[in-house]
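Novice: To get this note's numbering, take the position in the sequence shown, counting from 1, and add 129. Dropping the structure in here first, questions after.
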Amino acid sequence: MRKSEYITVCGTEDCCMVKVGDRVRVSKSVVIYHHPEHRNQAFDLQGQEGEVIDFANQWQDRPISANLPIVVKFTNKFKVHLQEAELEVLSET
Numbered sequence: 130m131r132k133s134e135y136i137t138v139c140g141t142e143d144c145c146m147v148k149v150g151d152r153v154r155v156s157k158s159v160v161i162y163h164h165p166e167h168r169n170q171a172f173d174l175q176g177q178e179g180e181v182i183d184f185a186n187q188w189q190d191r192p193i194s195a196n197l198p199i200v201v202k203f204t205n206k207f208k209v210h211l212q213e214a215e216l217e218v219l220s221e222t
């Protein structure tokens, strides 16, 4: 089985398709503690922009239902797994 190239992102207004390479913005408050420049401190991702680089929908060639399926890269050293409802698409590839 192949990893899916698309994943449906359903917000409150409408549904769209997110794919690898899309630019996205974090539209809701998401507090993390693993930001490389703010290690072990609360950091809110709301408003941050990044690129979708992968989907966590398979493990060892078996389909899984990840709670945070979209992998977004913000910098070379920083990527985050996010939910569909936390993102808005800025531009598609």
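Think of the CB as a built atom: it goes at the ideal place given N, C-alpha and C, for glycine as much as any other residue. Keep in mind that this is a model prediction, so the values were computed, not measured.
Name the residue from R168, E166, E180, L174 whose alpha carbon lies nearest to the alpha carbon of D151.
Specialist: It is E180.
Novice: In the DSSP assignment, the beta strand (DSSP E) including R154 goes from what residue to what residue?
Specialist: Its beta strand (DSSP E) spans residues 152-155.
Novice: Using 8 Å as the cut-off, can you tell me whether the segment 163-172 makes contact with the segment 182-194, which would need three or more C-beta pairs spanning the two stretches below that distance?
Specialist: No: fewer than three Cβ pairs fall under 8 Å.
Novice: Helix, strand or coil: how does DSSP classify E213 here?
Specialist: If DSSP states are grouped into helix, strand and coil, E213 belongs with the helices.
Novice: Who does K206 pair with in a DSSP beta bridge?
Specialist: Answer is none; K206 lacks a bridge partner.
Novice: When DSSP builds the beta bridges, which residues end up paired with V181?
Specialist: DSSP, once it has assigned bridges, lists V201 as partnering V181.
Novice: By the 10 Å Cβ neighbour count, where 16 or more other Cβ atoms means buried, how is I193 classified, buried or exposed?
Specialist: Looking at its Cβ environment, which holds fewer than 16 other Cβ atoms inside 10 Å, I193 is exposed.
Novice: So which of V218, K157, F207 has the shortest CA-CA distance to H164?
Specialist: Among V218, K157, F207, the Cα nearest to that of H164 belongs to F207.
Novice: Would V160 be called buried (16 or more neighbouring beta carbons within 10 Å of its own) or exposed?
Specialist: Classification of V160: exposed, given that the 10 Å Cβ count is below 16.
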